[in-house]
Each structure stands twice: as C-alpha cells, then as structure tokens.
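So the structure is just underneath, and the comments pick up after that.
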Amino acid sequence: MPDDDATTARWPRLRAGRGHYESWYLRAVHPTEPRGLWIRYTVSVPPGGTPTGQLWCTWFDRSVPHPRAVRIDAGPPASGNDAWIRFGENVFGPDGVVGEARSAECAARWSLRFTGGAEPLRHLPKPWMYTARLPRTKLLSPLPTTVFDGTLEIDGETVDIAGWPGMVGHNWGEQHAEQWIWLHGLGFADRGTDTWLDLAVGRIRVGPVTTPWVANGVLSLDGERIRLGGLGRRVAVTATDDRCVVRVPGAGATVTASVAAPPEAFVEWDYANPDGSMHRVVNCSVADLDLRVERRDGTPVALTAAGRAAYELGRPDHRS
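Each position in the sequence shown, counted from 1, maps to that position plus 2 in our numbering.
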C-alpha cells in the first residue's frame, strides 16, 4: 500500500476562504486488448464555499464506435478510516474502489481491488512544493503501477477484471494548470511490469503571462527510475486532440514520447476550477504510445505500448 501522505485528503485542512479541487483516480487496462477503465472521485470547494463531490467513470473499448461515460453529482464528501474519499456508499480507499453512477446516457457500477505495485511517485521535484501555495496544482501517483481485480457493470454488460495492470493517482490544488498533458504507459512489448511511464507536462498562468511547458515525471526502465523534466529543462511539445509528441530531457536520458489514438476513442469533459472557470479536457486511456530513450551512456532504446497508454490534454475552454 502507498504511504499515508500520498493518499491523505487535503481538502479537510483547507484554509478558510480558499478554493480547492482534489481527485483520486485510477486507470486499468486489459492485459492484451485495447479496452480500459478510468474512474475519478472528485471534491470541489469554491472560495469560502461548501465541499461537493462528483463521480466519473469511462469505459474505453476501441472495438466499438466510442467510449461510454458517466458523471454524476455525488453529494458531500468524507474521508478517514477505511476511505481516502467517500460519497455515501461510494468509496475509494486502501481496500479498493466501490461505486455506482447512473445518467440518462450511461449506467456503471464497479467493485475493484488493487494489489502490489510500484512505490509512490511524486512528480514535483521538491517536498516543499506539496505544502507551499505555489505551484497551485499538486500531482502524485500513490501507485504508478498496480494490478486490479473485480468487476465492472456498464449498461447491463458485466466485465470481469482479473489481473489488469493500471495505476492510482491523486491530485489537488487551488487551480488547474493553464494547459496540461498527462501521459501514462505500461504493458510495453517485451518488457516486464517494472517498465512504465508517468509524466505530467504543464503550462502555468502567472498574472498575464503563461509559462513555457514544464515536465515532471519518471520513466521506469526495467526498474530503474529515470527522473524526467524539471525546472530549467526545455521541453518540446506538439499536441492536438488525438495525438502528441513530447521530447523531455531527464537525468541521464532524453525521452521522446509519441502517443495517438483515433478521434472517436477519446472522451471529452469539462473540468471546473474552484473560481468557476472551465477547462476542456480530452482523454483516452487506450492510446498507442511509442517511446525513444536516448541514454548518454548507451544506444537508444525503443519501447511500444499499443493500446496501453493514457493521453489527456487539458486547455482553457473559451467557447461561449
């Protein structure tokens, strides 16, 4: 299990008058097919307001025309004891994840357990960054890889989830980044479970200025964690709704990640900031990922994860 600090809820300790959002989320993918599950439990607190919650669930299957997705208001949140976050009977905690969400478009129910996995990953490079007011977005992965078992019921269909690889994430802050990209890959061909990628790339607004792209994350290559990005390391990004290429220098290696999926394999959400502004977000948890790892002390390494990657792109929503 991850350590308590990686999973402890921050919203109950929020200073008066400040806005806040906080999410615990997971992705799990079929061991051999481009099918996967993405679940998110979210708390939102407007400045000086009352915490409220939402449940999100998306089922991705590239053999059908589009993902099936549902999001509902979940009422007031709670945490502690057997739950990192709880909305009534909907629980996300160390014993697993149980929940149900129904709308006119989709109905989902899930009961999942996760076992084992990698040590927590703190994307931000300095511990003080997780307690200071800036940066206003905090991200970590309590379990950057783990294994899921359980069931998903989606629109009357039961999906048995047995030995599916995946991850558990946790983020929070006063405001979403101005723009962000999240890449997560596992199940690379000819590699074991100790090879994975967990990378966040963002641009932050400071007054009227938006910063260049900054990356933070890790490539675990056969169990060796290669820290990627950080302040002062220039990142090259080309991103559209259905594909992106990110070139990130790191500690001893430079990684180029190319990720893509058919446009119809993505789900689109609006993400609300505590101040009421919105971001438009596209997400695919069964994307194709190719990595080129250029190591200073060796020949390049090529890694491929077909249908095994998550690609999320978030940008301000300026649509009227």
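For glycine and all other residues, C-beta sits at the position ideal for the given N, C-alpha and C.
Predicted model, so just to flag it, every value in this text is computed and none were measured.
Measure the alpha-carbon distance for residue i versus residue j and round it to whole angstroms.
i: ALA217; j: ARG249; result: 10 Å
i: ALA106; j: GLU35; result: 28 Å
i: ASP192; j: ARG294; result: 15 Å
i: ASP243; j: LEU315; result: 7 Å
i: ALA312; j: HIS186; result: 5 Å
i: HIS22; j: TRP13; result: 7 Å
i: ASP272; j: GLY300; result: 43 Å
i: PRO137; j: LEU233; result: 12 Å
i: GLY38; j: GLY77; result: 27 Å
i: SER33; j: TRP58; result: For the record, residue 33 in the displayed sequence is Pro; it is not Ser. Rounded to the nearest angstrom, the two C-alpha atoms are 23 Å apart.
i: TRP198; j: GLY168; result: 10 Å
i: HIS68; j: ALA18; result: 42 Å
i: CYS286; j: ARG310; result: 10 Å
i: PRO318; j: GLN181; result: 7 Å
i: THR160; j: ALA71; result: 15 Å
i: GLY231; j: THR147; result: 20 Å
i: PRO79; j: GLY95; result: 13 Å
i: GLY118; j: VAL211; result: 42 Å
i: PRO251; j: GLY158; result: 46 Å
i: CYS108; j: ARG88; result: 22 Å
i: VAL257; j: LEU142; result: 20 Å
i: GLY171; j: ASN275; result: 19 Å
i: PHE62; j: ILE41; result: 11 Å
i: ASP7; j: LEU123; result: 12 Å
i: LEU126; j: LEU16; result: 20 Å
i: ILE206; j: ILE183; result: 12 Å
Taking residue i as part of the alpha helix (DSSP H), name the residues at either end of that continuous run.
i: ASP7; result: 6–9
So what's residue i in DSSP terms, helix, strand or just coil?
i: PRO264; result: coil
i: ARG249; result: strand
i: ARG138; result: coil
i: TRP215; result: coil
i: ARG12; result: coil
i: PRO67; result: coil
i: PRO129; result: helix
i: PHE190; result: coil
i: VAL239; result: strand
i: THR52; result: coil
i: LEU305; result: strand
i: ARG17; result: coil
i: GLU155; result: strand
i: PRO210; result: coil
i: ALA311; result: strand
i: ASP319; result: coil
i: CYS108; result: coil
i: ASP75; result: strand
Could you give the first and the last residue of the continuous beta strand (DSSP E) run that contains residue i?
i: GLU102; result: 98–104
i: LEU291; result: 280–297
i: LEU199; result: 198–205
i: LEU28; result: 22–31
i: SER46; result: 37–47
i: HIS172; result: 159–175
i: ALA80; result: 80–82
i: ASN275; result: Premise fails: ASN275 is in no beta strand (DSSP E) and is neither H nor E.
i: GLY119; result: From DSSP, GLY119 is part of no beta strand (DSSP E); its letter is neither H nor E.
i: LEU230; result: 226–231
i: GLY95; result: 92–95
i: ALA179; result: Premise fails: ALA179 is in no beta strand (DSSP E) and is neither H nor E.
Could you check if residue i is buried or exposed, using at least 16 other CB atoms within 10 Å of its CB as the buried criterion?
i: HIS320; result: exposed
i: GLY204; result: buried
i: LYS128; result: exposed
i: VAL99; result: buried
i: THR240; result: exposed
i: ASN173; result: buried
i: ASN83; result: exposed
i: ALA304; result: exposed
i: THR10; result: exposed
i: ARG29; result: buried
i: VAL208; result: exposed
i: GLY55; result: buried
i: PRO144; result: buried
i: LYS175; result: Looking at the sequence provided, one finds Gly at residue 175 rather than Lys. Burial call: buried.
Residue i and residue j look like a contact to me (Cβ under 8 Å); what is the Cβ gap, rounded to whole Å?
i: ASP290; j: ALA263; result: 6 Å
i: VAL269; j: THR60; result: 5 Å
i: GLY219; j: LEU201; result: 3 Å
i: SER222; j: ALA120; result: 7 Å
i: ASP151; j: ALA164; result: 6 Å
i: GLN177; j: THR213; result: Not quite, the Cβ-Cβ distance comes to about 14 Å (not below 8 Å), so this is no contact.
i: VAL31; j: GLY189; result: 7 Å
i: ALA339; j: VAL93; result: This structure cannot speak to residue 339, because the chain is shown only from 3 to 322.
i: ARG282; j: ALA255; result: Rounded, the Cβ-Cβ distance is 33 Å, inconsistent with contact.
i: ALA308; j: ARG64; result: Actually they do not touch by this definition, with Cβ atoms about 10 Å apart.
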